[in-house]
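Colleague: Have a look at this one before I ask anything.
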Amino acid sequence: MKALVTGGGGFLGGAIVRMLVPRGDTVRTFSRGAYPWLAALGVEQVRGELDDAAALQRAARGCEIVFHTAAKPGIWGPYAEYHRVNVTGTERVLEACRSEGVRKLVFTGSPSVTFDGRDQCGVDESAPYPSRWLAHYPHTKALAEQRVFAANGPDLATVSLRPHLIWGPRDNHLVPRIVARAKAGSLRIVETPGTKVDSVYIDNAAEAHLLAAERLEPGAACAGQAYFISNGEALPMSELINAILAAAGLPPVSRRVSPGMAYAAGAICEAWYGLRGKKEEPPMTRFLARQLSTSHWFNIARAQRDLGYVPRVRIAEGLQLLRAWLAEAGDA
Ligand SMILES: NC(=O)c1ccc[n+]([C@@H]2O[C@H](COP(=O)([O-])OP(=O)(O)OC[C@H]3O[C@@H](n4cnc5c(N)ncnc54)[C@H](OP(=O)(O)O)[C@@H]3O)[C@@H](O)[C@H]2O)c1
C-alpha cells in the first residue's frame, strides 16, 4: 500500500506511520515541520500548510490511501485559524484525493463533535452534533467531518474515526500537560462524583485507523460512517490522571476544584486572555471545565462490528508501557 499520512510527525500520525512501515507499506507524510526520525524510517516527507492545494496534491500523488490526522487541536485561538486548518485544510485534502485519484480517505475526527456540555454515558454514533458549540475545535472538526462524509462516493471512500483522549508513549498533549502541572503544583481534580471518561491507548487508536483502511472501499459498511474509538474501559478522570502521574513516578493529586468554580474560572480566564490578546492556552476554559466535570464514555460496538476493532492493549498494560517510556525519556 502506498499511503499518505498528514500529520505523520505527530502523536497519532506517527503511531500510524510506525505501524505501516514494518508491514512494507510505502509511506509519505505531510506536515509543516521536518522530522528526522521519519527520514530514518525511510519515510518521504512533503512539507507544507494544510491549505496549500499544490503541496497537498504533490503529497497525494500516486497514493492509494490518505490518513488525514493533521489538525489544529487545543481549546484556544481564533475561529478563523481553526477553520483554516481544520475545515479548509480538510477540503484541500479531499480535493487532492480527487485530483490524484486516491481511492480511500481515513479521517481522524473527534468525539467532541457530539459534546453539548452534558454527560455522555455509553452514547453511540447516532448522537447528533450539538445545536450550540462550546469551542472552535469541536465545531471545526464537525464541519470537517461533514465534508468528509459528503465526499464519500464510488471514486473515493471515506470514513471518520473519533478516538477519545489518546494517551501513551510519545504523547505530546495530555501526559506532558498533566506531568508539568503536577510538578508545578497547579494540578487540580475537577470532577463530579460518579462521572467516568473513556480514553484510548495510542496503539489501539492507530490500529483502528489501519483496520478502517483495510475494510474501507466504495459501498463498504464503514464507508461514509463515523466510529467512536476508545479502550472501552471508562474510569473516573481522577483515576486516569493519578495513574498517569504514577507512571511518571509522581504522587497522586488530591486537591479538588468544584465544577462550578472551574467553570467560573474558565469564563474569567477566557475574558482575561481574550482582552490581552494572549496566544497561549489559558489554564481553564468553560469548555474544558465542562469536559472535565461530565461523563464521556462511548459505545464502541459499531467499530467492533464494522472494523473488527478490538482495544488490544488494556489500560493496565498501556500504563506499564508509558512508565517504561517515560523512564527512558528521563521524565520519570
Ligand atoms: N490526542 C487526542 O487525544 C485526540 C483525541 C481525539 C481526536 N484527535 C485527533 O487526532 C489527530 C491527531 O492528533 P494528535 O494528538 O496526534 O496531534 P499532534 O501530535 O499535534 O499532531 C497533529 C499534526 O498535524 C500537523 N499539523 C498541524 N497543523 C498543520 C498545518 N496547518 N499544516 C500541516 N500540518 C499541520 C502537525 O505537524 P507540524 O506541526 O509539523 O505541521 C502535527 O504533527 C487530530 O486530527 C486530532 O483532532 C486527537
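With my numbering applied, the sequence shown covers 284 to 615. In this text, a Cβ means the ideal position worked out from N, Cα and C, and glycines have one as well.
Shorter than 7 Å, the distance from the beta carbon of Asn455 to the closest heavy atom of ligand 1, or not?
Modeller: On the sequence shown, position 172 is the one that residue 455 refers to. Indeed, a heavy atom of ligand 1 lies less than 7 Å from the Cβ.
Colleague: Flag this pair as yes or no: are the beta carbons of Ser576 and Glu474 separated by less than 8 Å?
Modeller: Here residue 576 is taken as the residue at index 293 of the sequence shown, counted from 1. Here residue 474 is taken as the residue at index 191 of the sequence shown, counted from 1. Result yes, Cβ atoms of Ser576 and Glu474 sit closer than 8 Å.
Colleague: Quick one: measure Cβ to Cβ for Arg311 and Glu327, integer angstroms, because I've assumed they're closer than 8 Å.
Modeller: Here the question's residue 311 lines up with position 28 in the sequence shown. Here the question's residue 327 lines up with position 44 in the sequence shown. That belief holds up - the Cβ atoms of Arg311 and Glu327 are roughly 5 Å apart, short of 8 Å.
Colleague: Measuring only from the beta carbon, is Pro501 closer than 7 Å to any heavy atom that is part of ligand 1?
Modeller: Along the sequence shown, read from residue 1 onward, the residue named residue 501 stands at position 218. No.
Colleague: Going by C-alpha distance, which of Val370, Gly468, Phe390 is nearest Ala489?
Modeller: Here residue 489 refers to the residue found at position 206 when the sequence shown is read from its first residue. Among Val370, Gly468, Phe390, the Cα nearest to that of Ala489 belongs to Phe390.
Colleague: Taking C-beta to C-beta, are Leu377 and Arg445 nearer than 8 Å?
Modeller: Taking the first residue of the sequence shown as 1, we reach residue 377 at position 94. Taking the first residue of the sequence shown as 1, we reach residue 445 at position 162. Their beta carbons are not under 8 Å apart, which means Leu377 does not touch Arg445 by this criterion.
Colleague: Kindly examine ligand 1 and report whether one of its heavy atoms sits closer than 7 Å to the Cβ of Phe570.
Modeller: The residue given as residue 570 occupies position 287 in the sequence shown. Checking every heavy atom of ligand 1 against the Cβ of Phe570, none is found closer than 7 Å.
Colleague: Excluding sequence positions up to five away, which residues of its chain have a Cβ less than 6 Å from the Cβ of Arg597?
Modeller: The count along the sequence shown starts at 1 and reaches residue 597 at position 314. Contacts found: none.
Colleague: Using the three-state DSSP reduction, which class does Lys387 fall into: helix, strand or coil?
Modeller: Position 104 of the sequence shown, counting from 1, holds the residue named residue 387. Lys387 falls in the strand class under three-state DSSP.
Colleague: With DSSP collapsed to three states, give me the class of Gln508.
Modeller: Counting from one through the sequence shown, the residue named residue 508 turns up at place 225. The answer is coil: DSSP assigns Gln508 none of H, G, I, E or B.
Colleague: For Tyr592 versus Ala491, is the C-beta spacing smaller than 8 Å?
Modeller: Within the sequence shown, the letter at position 309 stands for residue 592. Within the sequence shown, the letter at position 208 stands for residue 491. Against a cut-off of 8 Å, the Cβ pair of Ala491 and Tyr592 comes out as a contact.
Colleague: To the nearest angstrom, how far is it from the Cα of Asp407 to the Cα of Arg381?
Modeller: Translated into the one-based positions of the sequence shown, residue 407 becomes position 124. Translated into the one-based positions of the sequence shown, residue 381 becomes position 98. Their Cα atoms are separated by approximately 31 Å.
Colleague: Does the distance from the C-beta atom of Gly543 to that of Pro501 stay below 8 Å?
Modeller: For the purposes of this step, residue 543 is taken as residue 260 along the sequence shown, with counting starting at 1. For the purposes of this step, residue 501 is taken as residue 218 along the sequence shown, with counting starting at 1. Taking 8 Å as the Cβ cut-off, Gly543 and Pro501 do not qualify as a contacting pair.
Colleague: Beta carbon of Phe294: closer than 7 Å to some heavy atom of ligand 1?
Modeller: Translated into positions along the sequence shown, residue 294 becomes position 11. Yes, since a heavy atom of ligand 1 falls inside the 7 Å radius drawn around the Cβ of Phe294.
Colleague: What are the start and end residues of the beta strand (DSSP E) that includes Trp580?
Modeller: Residue numbering aside, residue 580 sits at position 297 when the sequence shown is read from its first letter. First-last of the beta strand (DSSP E) with Trp580: 579 to 581.
Colleague: Could you check what DSSP says for Trp450 in three-state terms: helix, strand or coil?
Modeller: Position 167 of the sequence shown holds residue 450. Note: Trp450 maps to strand in three-state DSSP.
Colleague: In this structure, how does DSSP classify His419 when only helix, strand and coil are distinguished?
Modeller: The sequence position of residue 419 within the sequence shown is 136, counting from 1. If DSSP states are grouped into helix, strand and coil, His419 belongs with the helices.
Colleague: With a cut-off of 8 Å on the beta carbons, I'd call Gly451 and Asp486 a contact; round off their distance for me.
Modeller: Counted from its first residue, the sequence shown places residue 451 at position 168. Counted from its first residue, the sequence shown places residue 486 at position 203. Between Asp486 and Gly451 the Cβ distance is about 7 Å, and since that is below 8 Å, they are a contact.
Colleague: Considering only residues of the same chain and omitting the five flanking positions on each side of Ser393, which have a CB-CB separation below 7 Å?
Modeller: Sequence index remark: in the sequence shown, residue 393 carries index 110 (1-based). Once the five neighbours on either side are set aside, the close Cβ partners of Ser393 are Pro421, Lys424, Arg445.
Colleague: Find the nearest neighbour of Arg460 within the set Ala610, Pro594, Arg341, Ile527, judged by alpha-carbon distance.
Modeller: By one-based count along the sequence shown, residue 460 stands at place 177. It is Ile527 whose Cα lies nearest to the Cα of Arg460.
Colleague: Measure the Cβ-Cβ separation of Ala529 and Ile348 and say whether it is below 8 Å.
Modeller: Taking the first residue of the sequence shown as position 1, residue 529 is located at position 246. Taking the first residue of the sequence shown as position 1, residue 348 is located at position 65. Cβ atoms of Ala529 and Ile348: not closer than 8 Å.
Colleague: Assuming Ala379 and Ala343 make a contact with CB atoms under 8 Å, what is their CB distance in whole Å?
Modeller: Within the sequence shown, the letter at position 96 stands for residue 379. Within the sequence shown, the letter at position 60 stands for residue 343. Yes, Ala379 and Ala343 are in contact; Cβ-Cβ is about 4 Å, under 8 Å.
Colleague: Should Ala554 be labelled buried (16 or more other beta-carbon atoms within 10 Å of its own) or exposed?
Modeller: Within the sequence shown, residue 554 is the residue found at index 271, counting from 1. It is exposed - the Cβ of Ala554 has fewer than 16 other Cβ atoms within 10 Å.
Colleague: For the alpha helix (DSSP H) that contains Cys346, what are its first and last residues?
Modeller: Locating residue 346 in the sequence shown gives position 63, counting from the first residue. Where Cys346 is concerned, there is no enclosing alpha helix (DSSP H), given that its DSSP letter is neither H nor E.
Colleague: With distance defined between alpha-carbon atoms, name the residue in Trp359, His351, Arg606, Gly292 nearest to Pro566.
Modeller: The count along the sequence shown starts at 1 and reaches residue 566 at position 283. Checked all of Trp359, His351, Arg606, Gly292; the closest Cα to Pro566 is Trp359.
Colleague: My output table needs one value for Phe398: the three-state DSSP class, helix, strand or coil.
Modeller: Residue numbering aside, residue 398 sits at position 115 when the sequence shown is read from its first letter. Looking at Phe398 - three-state DSSP - the assignment turns out to be coil, as it is neither helix nor strand.
Colleague: Are the CB atoms of Thr465 and Asp589 nearer to each other than 8 Å?
Modeller: Stepping through the sequence shown from its first residue, residue 465 is reached at position 182. Stepping through the sequence shown from its first residue, residue 589 is reached at position 306. Before going further, note that residue 465 is Ala rather than Thr in the sequence given. No.
Colleague: Taking 8 Å as the threshold (C-beta atoms), are Leu448 and Val483 in contact?
Modeller: The residue given as residue 483 occupies position 200 in the sequence shown. The residue given as residue 448 occupies position 165 in the sequence shown. Yes. Within cutoff.
Colleague: Return the residue from the list Asp402, Gly296, Ala337, Gly532 that minimises the CA-CA distance to Ala572.
Modeller: Taking the first residue of the sequence shown as 1, we reach residue 572 at position 289. Checking every option, the nearest Cα to that of Ala572 belongs to Asp402.
Colleague: For Pro519 and Gln340, I'd like the C-alpha separation in whole angstroms.
Modeller: Walking along the sequence shown from the start, residue 519 turns up at place 236. Walking along the sequence shown from the start, residue 340 turns up at place 57. Near 44 Å, if we compare the C-alpha coordinates of Gln340 and Pro519.
Colleague: Using a Cβ-Cβ cutoff of less than 6 Å, which residues in the same chain neighbour Ser395 once the five nearest sequence positions on both sides are dropped?
Modeller: Here residue 395 refers to the residue found at position 112 when the sequence shown is read from its first residue. If we look at Ser395 and ignore the five residues flanking it on each side, its Cβ neighbours are Pro421.
Colleague: Please indicate yes or no: does the CB of Leu448 lie closer than 7 Å to some heavy atom of ligand 3?
Modeller: Within the structure as shown, ligand 3 is missing, the only ligands being ligand 1.
Colleague: According to the Cβ coordinates, are Trp580 and Ala517 closer than 8 Å?
Modeller: What you label residue 580 is simply residue 297 of the sequence shown in a count that begins at 1. What you label residue 517 is simply residue 234 of the sequence shown in a count that begins at 1. Yes; because the gap between Cβ atoms is below 8 Å, this pair is in contact.
Colleague: To the nearest angstrom, report how far apart Arg386 and Tyr510 are at their CA atoms.
Modeller: The residue you call residue 386 lines up with position 103 of the sequence shown. The residue you call residue 510 lines up with position 227 of the sequence shown. Computed Cα separation, rounded: 20 Å.
Colleague: Tell me which residues share the same chain as Glu383 and place their Cβ nearer than 8 Å to its Cβ, disregarding the 5 neighbours each side in the sequence.
Modeller: The residue given as residue 383 occupies position 100 in the sequence shown. Same-chain partners within the cutoff: Gln340, Ala343, Arg344, Gly345, Cys346.
Colleague: Could you give the uninterrupted runs of the alpha helix (DSSP H) lying entirely in the region 419 to 503, keeping only those of 4 residues or more?
Modeller: If we require 4 residues or more, the alpha helix (DSSP H) runs fully inside the region 419 to 503 come out as 419 to 434, 457 to 467, 485 to 498.
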